[in-house]
Every structure is written in structure tokens, then in C-alpha cells.
Amino acid sequence: MRIKIDKLKEGGNSEVFEAGEISEVLSTEKKIVRADELCLNIEKSNDYLHIHGSCSVCCEDSCDRCAENFESELIVNIDYYFHIGEIEGAAADDVEIIYPDESNGELVFDDHLKESFILALPLKNLCSGDCRGLCVGCGANLNLEKCSCPDKDKTDPRWDTLTKLLNTDK
Ligand SMILES: [Zn+2]
Ligand SMILES: [Zn+2]
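Heads up: the sequence shown begins at 167 in our numbering, then just goes up one per residue.
Given below as C-alpha cells:
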């Protein structure tokens, strides 16, 4: 995924990357089910570039509670600032200095796309908000079946001490 910096004109530019290319770049992070093509807006003002856009990506994940695989749809937002060559004085923290002359006039954008994708991933992977998870007693997937473990075995063992405390109060 490369952007030809030396071909950009002043002002607005756009660059389209095909779905296949997006999937391929992101496949090192997750199993990608499908991706949209990505249209990046590239605004050039002298040596400053603002590159932004968004695309939707569907990836396969496994649920943190029940361990089943499920597909999740993510919106990946891309928003980066670059400066071609050194900046005189202090540069803003969010501006990345690039040297396209040393790379055929191109900017390799793979890592930026990956980073944006990782930021779009949820902190918790749940197949659904009300996933019941696995029984800690027998391992049954409680979304699919009711197991015959007594209820006390179904609570998370980390709460045992609390349960005991509550029971002694009675
Ligand atoms: Zn689940
Ligand atoms: Zn059980």
C-alpha cells in the first residue's frame, strides 16, 4: 500500500486502494472476512500532508466468554499528518516526518493502516452483549445448552470468598 508523494498536487488529492489490498495488509493482524475499498483523501499544503479516510472491515474473532468464532464489523478511521523533510523549529507531536526522496517518492502506508485497524478493535471481544459464556463446572456453552451443574458451580470462582461472606451474614 503505497502513496506516490511526488505525484501529488497542491490541495486535494485522492487515492483508492482496492478491497483485496486492504484485506491482505490487515491479514497479519486478524482473519479478514471482507473489506471495503479505501478512498484516502490527501491534502497537500506545501510540505504538509493530511491523509484521512475510513473504510469498513469485517473480521473474524473469537468470543472472550464462550470462545466461539464470530464476525465483527469495524469502521477503521485513518487520520495522519506528515511533513516532507525536516521541520525548522519544533514539530507538533502528531506530525510524522517523511523522506520520500529516499523511497522512490513513495510513502509506504501499511503500518498506518494496521495501526488504525488495531485502534478500531473493541477492548473486549464478545459475540453478543448478553453472551452467557461457558459453564465453569462442565465447560458447556450456556448460549446453546442448559447444563445440569448445580447453580453454585456456575459462578465464577473468583467470587467464592464474597459468596461465603454473604452467606455468613444470614
Ligand atoms: Zn460469546
Ligand atoms: Zn455445567
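Built from N, CA and C at the ideal position, the CB exists for glycine as well.
These figures come from a predicted structure and were not determined experimentally.
So is C221 buried or exposed if we call it buried at 16+ other beta carbons inside 10 Å? Around the CB of C221, 16 or more other CB atoms lie within 10 Å, so the residue is classed as buried.
Segments assigned beta strand (DSSP E), at least 3 residues, entirely inside the stretch 252–302: Taking only runs of at least 3 residues, the beta strand (DSSP E) segments lying wholly in the stretch 252–302 are 261–264, 272–274.
Any idea what DSSP makes of K336, helix, strand or coil? With a pLDDT of 46 at K336, under the threshold of 50, the modelled position of this residue cannot be trusted; read the value that follows with caution. In the displayed model, K336 falls within coil according to three-state DSSP, outside both helix and strand.
Nearest to H216 (by Cα), restricted to the options E311, D260, C229: When E311, D260, C229 are compared, the shortest CA-CA separation from H216 is found for D260.
Comparing the CB of N309 with every heavy atom of ligand 3, is any distance shorter than 7 Å? By its list of ligands, the structure shown excludes ligand 3, since it contains just ligand 1 and ligand 2.
Simplified DSSP state of A201, which is helix, strand or coil: A201: strand per DSSP, three-state reduction.
Could you please give the first and the last residue of the uninterrupted alpha helix (DSSP H) stretch that includes L192? If you look at L192, you'll find it in the alpha helix (DSSP H) that goes 185–192.
Here's a check: name, in chain order, each residue in its chain whose Cβ is nearer than 6 Å to the Cβ of V274, leaving out the five neighbours to either side. Leaving aside the five residues that flank V274 on each side, the residues in its chain whose CB is nearer than 6 Å to its CB run, in chain order, R168.
Through-space distance from L206 to T327, alpha-carbon basis: Spanning the two alpha carbons is a distance of roughly 54 Å.
Within the present structure, is the beta-carbon of G303 separated from the nearest heavy atom of ligand 2 by less than 7 Å? Yes, ligand 2 has a heavy atom inside 7 Å of this Cβ.
Can you check which of these residues, K173, I284, D230, is closest to D198 by C-alpha distance? Reading off the sequence shown, one finds Ile at residue 198, where the question assumed Asp. Closest by C-alpha distance to I198, out of K173, I284, D230, is I284.
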